[in-house]
Each structure stands twice: as structure tokens, then as C-alpha cells.
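Presented below is the structure to which this report refers.
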Amino acid sequence: MPSKPPGAQRKLPVLVVLHQENSSSGRVGQMLVEKGFPLDIRRPVLGDPLPETLAGHSGAVIFGGPMSANDPEPYIRKETDWIGVPLKENKPFLGICLGAQMMVRHLGGTVAAHKDDLAEIGWYPLRATEHGRLLMPHWPQMVYHFHREGFSLPHGAQRLAEGDAYPNQAIRYGDNAWGVQFHAELTRAMMQRWVVRGEHRFIMPNAQKGSEHLEGRMIFDAPLRQWLWHFLDLIFERDAASTSGARPVSDGPRAAS
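In this note's numbering, the protein residues as written are 3 to 259.
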């Protein structure tokens with residue numbers, strides 16, 4: 003049999019941690035699969051175990067959820083403690099909203115509501131810092147949020163992007179740990195579900211009406227989606243390229259969602 007060409011090795015799966023039975027990895031999962039990464043989806047809240055090592059994975063993503071990183075439930079504490087695995091092994095890790103807040107808690111930072119109880123539910127401005135622009139020159143100007151708590155900047159972490167109500171919007175810790183407060187992963191169908199199921203939250207201070215969520219998507223989503231594609235390259239393709247010989251995939255996503 004002919005040998006496989008260089009770079010044809012199968013990539014190790016990315017561990018995907020979700021927090022509800024019907025939760026989806028959305029565009030993050032779609033894009034990772036398009037880049038050649040299988041997904042290992044687990045829901046600790048439903049009893050799925052987390053691996054003791056990521057030696058068999060390309061990295062991990064912990065997604066958001068309606069719970070708080072401050073909640074006392076055992077699975078919240080266990081997930082937060084588990085983040086020490088990718089940090090110790092220096093494996094790519096991405097925390098999104100709740101996942102980022104868990105990482106911050108693990109690193110000794112704090113998660114708390116705004117002093118004026120302001121929420122970020124809808125589309126809000128994003129500004130890249132100098133660190134962020136050095137890593138990625140093009141950041142979206144508006145991003146989608148659905149939260150009422152933010153996180154501090156842990157000791158040793160770099161702020162990559164900031165916002166108005168909650169200053170820490172994207173952070174990096176060490177070489178391979180990343181956290182974002184906003185949601186670039188939502189498909190159109192996911193956003194529609196969130197708008198319907200989260201309608202009771204739209205009365206919170208600073209929250210936007212549901213119609214603004216969907217109208218904003220038409221205006222702001224394309225740059226956010228393009229940014230996500232390259233951000234996932236930054237996190238996962240560097241490691242994959244160095245271990246498999248594969249060239250990073252960076253032409254951009256193929257299908258709209």
C-alpha cells in the first residue's frame with residue numbers, strides 16, 4: 003500500500019464540554035470539524051467524566067451555560083479544578099463565557115456581576131488591545147453577549163480585547179489558554195432559540211430587546227464569524243501543525259450559518 007502523504011495523519015479530537023442536554027457546540031464545533039478535528043463531546047452535568055489527561059486530545063473547549071462559575075454544585079467545582087489538566091499539560095484550551103469564568107476562577111481570579119447590575123445581552127462594542135492586535139490584526143467591532151457576570155484579569159494573564167460594561171472580553175494565559183466573554187459560536191438557529199427562551203432576561207439593565215439581537219446579527223455577524231475561524235486557527239492549528247506536519251487551514255469558513 004502507498005504511504006500516506008505528509009500531513010495526512012488524522013488529528014486528535016478536541017474535547018468539547020457542554021452544560022445542558024440540548025446544548026450545541028455551534029459554529030465552533032462546525033469549524034473544528036471542517037479543519038479536520040473530531041469532537042469528543044461530554045456533559046459533566048449529566049454525569050460524563052472528564053479525562054485525567056489530554057494526551058489523546060488536541061485540546062479542549064468549555065462552553066457557556068445558564069449557571070454561574072460561583073455556583074456550589076459539585077460538577078461546577080470539578081470542572082473548574084479540571085482546567086488544571088490542560089494548563090499543566092500546556093494543551094490548547096478555550097473557555098467561552100462560563101468556560102472562561104471557570105478558567106479565571108481556577109487561576110485565582112473573581113467572577114461577579116457589574117457594580118450597577120448591568121447585563122450584556124445582545125450586541126456590544128469590542129476593542130482589541132495592543133496584545134490582541136499583535137496576535138490578530140482584525141477583530142470584530144461588535145460581538146454577541148448573553149451574560150450578567152464578568153471576570154477579573156488573573157495574575158499572569160493578558161487582556162486581548164475589552165468592552166464598556168465588562169472590561170475583560172478576551173484573555174490569554176500562558177501559551178495555550180484562552181478565554182472569551184462573548185459568543186461567536188452561535189448559529190442562526192441557536193440565536194433564535196436563545197432569544198425565545200431568554201426573553202425574560204431582556205428587562206435587565208443594559209439588555210437589548212430580542213428584535214435587536216436578530217437585526218444585529220444581519221449587520222455584525224459576518225466579521226464575527228470570520229474572526230472565529232482565524233481565532234480557532236490561532237488556538238488549535240499551531241499545535242496540530244507542529245505535531246502532525248499539517249499546514250494550518252486559514253482560508254476561511256466555507257458555508258454560512
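Here a beta-carbon is modelled for each residue, glycine too, at the ideal position from N, C-alpha and C. Note that the coordinates shown come from a computational prediction; the quantities given were computed from them, not determined experimentally.
A distance of 9 Å or more separates the beta carbons of Phe95 and Ile123.
As DSSP reads the structure, Ile78 sits in no beta bridge.
Non-local beta-carbon contacts of Pro15 in its own chain, meaning distances under 8 Å to residues more than five positions away in sequence, involve Phe39, Pro40, Leu41, Asp42, Gly58, His59 and Ser60 in chain order.
Taking 9 Å as the cut-off, the beta carbon of Val106 is found closer than this to the beta carbon of Ile173. In the three-state reduction of the DSSP assignment, Ile221 falls in the helix class, which pools H, G and I. Annotation: Trp229 to Glu187 spans about 11 Å, alpha carbon to alpha carbon. Under the DSSP assignment, Gln160 falls in the beta strand (DSSP E) whose first and last residues are Ala159 to Glu164.
Boundaries of the alpha helix (DSSP H) around Met193: Arg190 to Arg199. With respect to the C-alpha of Glu23, the residue from Met33, His157 and Arg44 having the closest C-alpha is Arg44. For His215 against Val198, the beta-carbon gap comes to about 11 Å, at or over 8 Å, which does not count as contact. For His202, there is no enclosing alpha helix (DSSP H), as DSSP marks it with neither H nor E. For Phe238, the three-state secondary structure derived from DSSP is helix.
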